[in-house]
Amino acid sequence: MAGANGVGKTSLLRMVCGLAPIESGEIFWNGTPIHAQADAYRQDLCYLGHLNALQESMTVHENLAFTAALGGMAPDAAQTQSVLAHFGVAGRERQLVRHLSQGQKRRVALSRLALSQARLWVLDEPFVAMDEAGVRMLADLIAAHLTQGGLAVLTSHQQVDIGAIPAQLLELRA
0 MAGANGVGKT SLLRMVCGLA PIESGEIFWN GTPIHAQADA YRQDLCYLGH
50 LNALQESMTV HENLAFTAAL GGMAPDAAQT QSVLAHFGVA GRERQLVRHL
100 SQGQKRRVAL SRLALSQARL WVLDEPFVAM DEAGVRMLAD LIAAHLTQGG
150 LAVLTSHQQV DIGAIPAQLL ELRA
């Protein structure tokens, strides 16, 4: 989803997440309005905004375990280690998030996304403040999610190549 600042991209994402009222129409998931299946829908949804939403007073491991618990999952240690290594933050599991750089915090947030079993990823400006390597990692992660049958709705001010995965662009205008 693309569009100028203030055109409603984040507002639309909030509606997709079931966090904002819809003035007309409905949003469906698996053929049922999301408001009629709120708990099940939220289990299938993972949100990543331009803010990392990490608990600064918790360790990297505690943040990932907390998020997994909210999703009704138990974190898999081997998978967690693999994902943290992939995002270049392995070895920091016991470090408090407040002591990480902004780039490291973003990579922990991306690790949380990668560990999610949600089918629908809602990403609000996910490439903000990322270096080229981070952008590529996230683009590859999104492409892998889509290849495995997942869905992603995202906003971005950047053109990012997600490979040969079919994508649709929705441009919002005021």
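Quick note, the sequence shown lines up with residues 0 to 173 if you use the numbering used here. By construction, the Cβ of each residue, glycine as well, lies at the ideal position given by its N, Cα and C atoms. Quantities reported herein were computed from a predicted structural model and do not represent experimental measurements.
The alpha-carbon of Q80 is positioned some 22 Å away from that of D130. In the three-state reduction of the DSSP assignment, V107 falls in the helix class, which pools H, G and I. Rounded to whole angstroms, R13 and A19 show a C-alpha spacing of 5 Å. Residue burial annotation: A108 is buried, with at least 16 other C-beta atoms found within 10 angstroms of its C-beta.
Counting the other Cβ atoms within 10 Å of the Cβ of L169 gives fewer than 16, which makes it exposed.
Taking 8 Å as the cut-off, the Cβ atoms of V6 and L171 count as close.
Distance from the CA atom of L145 to the CA atom of A113, rounded to whole angstroms, is 12 Å. A Cβ-Cβ separation of about 5 Å places D43 in contact with R118 under the 8 Å criterion. Counting every other CB atom within 10 Å of its CB across the protein chains shown gives F86 a total of 16 or more, marking it as buried. By the C-beta density criterion, N62 is buried, having at least 16 other C-beta atoms within 10 angstroms. Under the three-state reduction of DSSP, D43 is assigned to coil, being neither helix nor strand. Here E22 carries a coil assignment [DSSP, helix/strand/coil].
Taking a cut-off of 8 Å on C-beta distances, the stretch 48-57 touches the stretch 89-103, as three or more cross pairs fall below it.
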